[in-house]
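The listed protein sequences derive, respectively, from chains U and G.
Quick note on numbering: full-length UniProt numbering labels position 127 of the first sequence as 127, and the sequence is numbered without any gaps.
Quick note on numbering: full-length UniProt numbering labels position 294 of the second sequence as 294, and the sequence is numbered without any gaps.
Positions of the beta carbon are idealized from the N, C-alpha and C atoms, including for glycine.
There are 2 protein chains.
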Amino acid sequence: MRTLGIVCLLAAAAAAPAQTPKNNSPTSPETHPDRKVTFRVRAPKATEVTLTADWQANGVQTMTKDDAGVWSVTVGPLEPGAAIYNFNIDGVAVPDPVNPRIKLRARTSASIVEVPGDGTELWNPGTVPHGRVELVYVPSKAALPGQTREVRVYTPPGYDKDAAHKYPVLYLFHGSNDTAAGWTDVGRANFILDNLIAQKKAVPMVVVMPFGHALPFGGPGDNTKVFEQFLLDDVMPTVEKTYRTAPGRENRAIVGLSMGGGQALTIGLSHLDLFSHVGAFSSAIPGDFSTRFKALLDDPVGTNAKLKVLFIACGKQDGAFARSQQLDKTLTAHKIDHTFYPTEGLHNFAVWRQYLGQVAPMLFRDAGK
Amino acid sequence: MRTLGIVCLLAAAAAAPAQTPKNNSPTSPETHPDRKVTFRVRAPKATEVTLTADWQANGVQTMTKDDAGVWSVTVGPLEPGAAIYNFNIDGVAVPDPVNPRIKLRARTSASIVEVPGDGTELWNPGTVPHGRVELVYVPSKAALPGQTREVRVYTPPGYDKDAAHKYPVLYLFHGSNDTAAGWTDVGRANFILDNLIAQKKAVPMVVVMPFGHALPFGGPGDNTKVFEQFLLDDVMPTVEKTYRTAPGRENRAIVGLSMGGGQALTIGLSHLDLFSHVGAFSSAIPGDFSTRFKALLDDPVGTNAKLKVLFIACGKQDGAFARSQQLDKTLTAHKIDHTFYPTEGLHNFAVWRQYLGQVAPMLFRDAGK
């Protein structure tokens, strides 16, 4: 019996018994007490149904059909956390038809299964004070003419109470084919920050999460360039006008995962006049890193004076690991201070939640001193 | 060429050309200039694929397969606005596999196609100042022990600027199998309010949108009763502590659609000590309305003095129309002041956006006078 504070945005799925509801579709996913999970889909006419999973390197599992036409597979035990999956029904990749927890994407969609832990995880809302996640509408001037984009902003607990306090800002970017909602809906960045702040392991900060696909996903053009312009010209001025943000580079961090890690490195290291903390999780790394940032690499004293934190993390089983490892070597060779944080793990929110919990306490430790 | 401010949370789908992207799946939906819409899904092995649509009374359309295994159908022209649809692939109801605009539900999910209008619609973000939508985490004491629920709260433009101003509050409820996100993600309640406020047709107000399935969707128990307790004991105190809300019944409205309309009527009319404005769109209406609210019906002078607005709206082609019509007759027979607003339309967000635009200007006109 769990007595922890559990966020039940969609209590139906979490609490549903393993029975066939009115619409004749089975319960899916069903998480068992041993953290094994059963996935089911009713597709009586299908000839082949598989499960695509983000929690294993070769993420395709065969499913088997019962007499009622319900395909199922039981996997795990899974690690506590959020896992993402799809079904492939006779060649059509679809989210779980009955699971309301949907992973929104820039194109397509998937399903989420949340495997409970023991309640002590940072991403668990627990009983600590909660900040808010705010949907802010940012009109673009030049980067995306005529467009208004939704940006998610986390304000920490107590933001309303002390009207004199100014907060440092973490700009936090999602990966390819994700959305501005990813870091909160799946990453639970807000609860991770709530817990770290309650434990006094991180300073209260505002976290800004824009939509990283400035240009249409999968289309032509230099997305990072347009995204940088939108960030610098539209998002940052709106944030600094709307929220009580502490001014100056020492109060700004820029961190991202995968594609967003590449954006954080590219934009952050190009603008040490604006940012003093840079982080990249499981990151895309510019192929021309050494030439693009030659001036920074060749001036370790100057760079280290400006760059308070440079955090590189990646799972050892992630296809992106070699590039992170190479970046670590390049930085080391040039005596650039940084933290390389390799862990067990793949390219998924299991490690990204962990990395946010690791880097957030490192941010803004000197600010205001 | 559209020059209006368009919210592109997910620009990929909106801007994608009608071509086959890398993953070999077709573009869907494709909205044509004449507001006809083509839906496509690649399912070469399927024997029957249909489109389920919320914009027509008999909402199932046959789709036809081409040589590449892509099923398609072109419908419309559709009215400007948001329409919701699913595919049924050999008996499996799924959202559109490639459309990132997902209608989140309490169970299952669907897809959204947004058909542009001429830009003058209230739900269009346009170039007016925008309020924010905030995700507030509300722990429950007695109604839902141990649970914390996400509640969406709209704060109007300028909320941060005048620290002395206190705002009236509209509690706005979604329908069955919807979520706390429905009224903003699909209903665009925030933009409707932004526009009405900019046009000085509505007073600036805070809008509170909780998750109406207090108990698991489809499960046993008296959901309205538990939801009422959660609303009164947990949501309202949190809102009044967190936001600068004007006190007293004259500054509170309670409005909902479908199941949420039933909740607004049941809770609102039972608590005229707390609410002075009640609205029900395309509403579920308690079967025992006349006996449950006998005291109110039998005291029109007293009831009319307390009830500043009682707004009942429904589409004439909606299966729920007869019940709204009957409620109108009952109220008229008992001389209870109210507005009955029948329109053309079905049970969908096309009418609900319209009804919010109609009722919001009626709210809080006397407050503070």
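Is residue i buried or exposed, if buried means 16 or more other CB atoms sit within 10 Å of its CB?
{"i": "A163(U)", "result": "exposed"}
{"i": "Q199(G)", "result": "exposed"}
{"i": "G175(U)", "result": "buried"}
{"i": "P95(U)", "result": "buried"}
{"i": "Q263(G)", "result": "buried"}
{"i": "D178(G)", "result": "buried"}
{"i": "V301(U)", "result": "exposed"}
{"i": "D160(G)", "result": "exposed"}
{"i": "Q147(G)", "result": "buried"}
{"i": "G319(G)", "result": "exposed"}
{"i": "A295(G)", "result": "exposed"}
{"i": "K103(G)", "result": "buried"}
{"i": "G158(U)", "result": "exposed"}
{"i": "V60(U)", "result": "exposed"}
{"i": "G315(U)", "result": "buried"}
{"i": "E79(U)", "result": "exposed"}
{"i": "R107(G)", "result": "buried"}
{"i": "P247(G)", "result": "exposed"}
{"i": "R365(G)", "result": "exposed"}
{"i": "D66(G)", "result": "exposed"}
Cutting at 7 Å between CB atoms, please list the residues of its own chain near residue i, excluding the five before and the five after it.
{"i": "P97(U)", "result": "S25 and V41"}
{"i": "P44(U)", "result": "G69"}
{"i": "I267(G)", "result": "E228, L231 and I254"}
Need the endpoints of the alpha helix (DSSP H) that residue i sits in, please.
{"i": "L356(U)", "result": "F349 to V359"}
{"i": "V239(U)", "result": "M236 to T242"}
{"i": "F227(G)", "result": "N223 to F230"}
{"i": "R323(G)", "result": "F321 to A333"}
The beta strand (DSSP E) with residue i in it runs from where to where?
{"i": "L172(U)", "result": "V169 to F173"}
{"i": "K103(G)", "result": "I102 to L104"}
{"i": "A313(U)", "result": "V309 to G315"}
{"i": "P97(U)", "result": "Unbroken run through P97(U): none, as it is neither H nor E."}
{"i": "V133(U)", "result": "R132 to P139"}
{"i": "T155(U)", "result": "Q147 to T155"}
{"i": "A142(U)", "result": "Where A142(U) is concerned, there is no enclosing beta strand (DSSP E), given that its DSSP letter is neither H nor E."}
{"i": "I112(U)", "result": "S109 to V115"}
Which of helix, strand or coil does DSSP assign to residue i?
{"i": "G218(U)", "result": "coil"}
{"i": "F191(U)", "result": "helix"}
{"i": "Q199(G)", "result": "coil"}
{"i": "R249(G)", "result": "helix"}
{"i": "T179(G)", "result": "coil"}
{"i": "M205(G)", "result": "coil"}
{"i": "A305(U)", "result": "helix"}
{"i": "T184(G)", "result": "helix"}
{"i": "P26(U)", "result": "coil"}
{"i": "P342(U)", "result": "strand"}
{"i": "D162(U)", "result": "coil"}
Output needed for residue i: all residues of its chain with C-beta closer than 6 Å, excluding positions within five of it in sequence on either side, in chain order.
{"i": "T339(G)", "result": "F311"}
{"i": "A280(U)", "result": "G261, A264, L265 and I312"}
{"i": "I89(U)", "result": "A43, A46 and V49"}
{"i": "A181(U)", "result": "L104"}
{"i": "P21(U)", "result": "Low per-residue confidence applies at P21(U): pLDDT is 41, beneath 50, and the placement is therefore not dependable, though the value from the model is reported in the following sentence. Hits under 6 Å: none found."}
{"i": "F39(G)", "result": "S28, P29, L51 and V73"}
{"i": "T291(G)", "result": "none"}
{"i": "L297(G)", "result": "H334"}
{"i": "S109(G)", "result": "P95 and I102"}
Keeping to the same chain, check which residues put their C-beta closer than 8 Å to that of residue i; ignore five residues upstream and five downstream.
{"i": "T184(U)", "result": "V133, R152, Y154, N190 and M209"}
{"i": "Q358(G)", "result": "F311, A313 and Y341"}
* Whole runs of the beta strand (DSSP E) within the segment 253-296 of chain U, excluding any shorter than 3 residues -> Whole beta strand (DSSP E) segments, 3+ residues: 277-281.
* Asked: What are the start and end residues of each continuous beta strand (DSSP E) run of 3 or more residues lying completely inside the UniProt domain "Glycoside hydrolase family 13 N-terminal" (33-91) of chain G, in chain order?
  -> 37-42, 49-53, 60-62, 70-75 and 81-89
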